[in-house]
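Engineer: Structure provided below as structure tokens; questions to follow.
Residue numbers (the numbering used here): 279 to 634.
As structure tokens, then:
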């Protein structure tokens, strides 16, 4: 069998398409997504969720939207890429933590309320609920449209330190605790009697090794990823902060899409957010199991122990957020009332469904 030149050219093009070197379909729109997590499908929730989003959105639009996912902060910091997304040219979407989110939407600091959620059920009911969706419409003023919230590393954080096991407020007093560069976390640690040490993550291991900091807090998956038991001896899964990542997209770019493609973006995003929840909790559980095997001692705070800490931390945090930071007291009250309502109704529903 022989092929003429046209046949050979067609076969070569088909081979390039199959290998991904040439797109099979010329896209009409490009959606570049930036996040800070590793481009790994097994050790974080951001990258696999975004890759799932890429697959289903491209399928839903017949390839008309070309989704490109960049992890590891390749395109810049959270704030830098969110600013690019505001313009909608180089980057169309970014995943940003609570501290960075408050740079664009200051009211987001209310979500840093200490001990805001008692468990994953209520955290999910809140972040995937109508109250939070309406609240996040405030991002539109900065040119960013909210798509959903991911649980950063599993959401609920754990203390690690090299002085003592934390069970009470008295155990925290006097510890030098590294915090991310977010004034809300500084306020919470001060309220609990710790000395807050704001540091970028790249300096944390050195700080723990040299004694600049006694400890830190992050989701348990971080302890596993960075083997924090090599620099700290004790860990407590406290859940005093729920680390969240807000997924935002350029409203200018979104507004240029046909209505059916806008709907496809929203539906695909909600699917990806749901997928991310399970991955994030798996990372947290794996991290906690590894923590209890490798740290000298581990402890999970009981609800009573959490309540005792919350009674100390919340009033001081509230004074900071409504005074120094300038958020209206009514907004804080509305949030707390919404979470209380969700907890009450979720408990009643679960007892009714499964307790009979």
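All residues carry an ideal CB built from backbone N, CA and C; glycine is no exception.
Since the structure is predicted, the reported quantities are computational estimates derived from the model, not experimental observations.
If residue 539 sits next to residue 343, beta carbons under 8 Å apart, how far is it from one beta carbon to the other, in whole angstroms?
Structural biologist: Within the chain shown, numbered from 1, the residue matching residue 539 stands at position 261. Within the chain shown, numbered from 1, the residue matching residue 343 stands at position 65. Confirmed, about 6 Å.
Engineer: Helix or strand or just coil, what does DSSP make of residue 500?
Structural biologist: Counting from 1 along the chain shown, the entry for residue 500 is found at position 222. Reduced to three states, the DSSP call for residue 500 is helix.
Engineer: Which of the three DSSP states, helix, strand or coil, is assigned to residue 634?
Structural biologist: Looking up residue 634 in the chain shown gives position 356. Three-state result, residue 634: coil.
Engineer: What are the start and end residues of each continuous alpha helix (DSSP H) run of 4 or more residues lying completely inside the stretch 564-625, in chain order?
Structural biologist: As far as the stretch 564-625 is concerned, its whole alpha helix (DSSP H) runs of at least 4 residues are 581-597.
Engineer: When you compare only the Cα positions, how much space is there between residue 536 and residue 341?
Structural biologist: What you label residue 536 is simply residue 258 of the chain shown in a count that begins at 1. What you label residue 341 is simply residue 63 of the chain shown in a count that begins at 1. Their Cα atoms are separated by approximately 14 Å.
Engineer: Between residue 404 and residue 393, how many whole angstroms is the CB-CB distance? I'm expecting something under 8 Å.
Structural biologist: Counting from one through the chain shown, the residue named residue 404 turns up at place 126. Counting from one through the chain shown, the residue named residue 393 turns up at place 115. Going by Cβ atoms, the distance from residue 404 to residue 393 rounds to 13 Å, so no, they are not a contact pair.
Engineer: Decide yes or no for the touch test of the stretch 415-427 against the stretch 540-558: beta carbon pairs closer than 8 Å, at least 3 of them.
Structural biologist: As far as the Cβ criterion goes, the stretch 415-427 touches the stretch 540-558, which means the pair count is three or higher.
Engineer: With a 10 Å radius around its C-beta and 16 neighbouring C-beta atoms as the bar for buried, classify residue 294 as buried or exposed.
Structural biologist: Stepping through the chain shown from its first residue, residue 294 is reached at position 16. Per-residue confidence for residue 294 stands at a pLDDT of 36, beneath the threshold of 50, marking its modelled position as unreliable; the derived number appears in the next sentence. Result: exposed.
Engineer: Give every residue of the same chain whose Cβ lies closer than 6 Å to the Cβ of residue 613, excluding the five residues on either side of it in the sequence, and list them in chain order.
Structural biologist: Reading the chain shown from its first residue, position 335 is the one you call residue 613. Closer than 6 Å at Cβ, skipping near neighbours: 388.
Engineer: Going by the DSSP bridge assignment, what does residue 476 pair with across the sheet?
Structural biologist: Against the chain shown, residue 476 aligns to sequence position 198. In the DSSP output, where bridge partners are listed per residue, residue 476 has 457.
Engineer: Only counting runs of 4 or more residues, tell me where the alpha helix (DSSP H) segments fall wholly within the stretch 504-553, in order along the chain.
Structural biologist: Taking only runs of at least 4 residues, the alpha helix (DSSP H) segments lying wholly in the stretch 504-553 are 529-533.
Engineer: Run the proximity test for residue 558: is its beta-carbon closer than 8 Å to any non-hydrogen atom belonging to the ligand PLP?
Structural biologist: Of ligands this structure carries none, so the ligand PLP is not represented either.
Engineer: Sort out for me which residues DSSP pairs residue 348 with in a bridge.
Structural biologist: Counting from one through the chain shown, the residue named residue 348 turns up at place 70. Beta-bridge pairing links residue 348 to 312.
Engineer: Using the beta-carbon count (16 or more within 10 Å), is residue 300 buried or exposed?
Structural biologist: Mapped onto the chain shown, residue 300 falls at position 22. Per-residue confidence for residue 300 stands at a pLDDT of 43, beneath the threshold of 50, marking its modelled position as unreliable; the derived number appears in the next sentence. It is exposed - the Cβ of residue 300 has fewer than 16 other Cβ atoms within 10 Å.
Engineer: Can you give me the C-alpha to C-alpha distance between residue 617 and residue 305, rounded to a whole angstrom?
Structural biologist: Position 339 of the chain shown holds residue 617. Position 27 of the chain shown holds residue 305. Distance between the alpha carbons of residue 617 and residue 305: 42 Å.
Engineer: Residue range of the beta strand (DSSP E) that residue 374 falls in?
Structural biologist: Within the chain shown, the letter at position 96 stands for residue 374. Start and end: 371-375.
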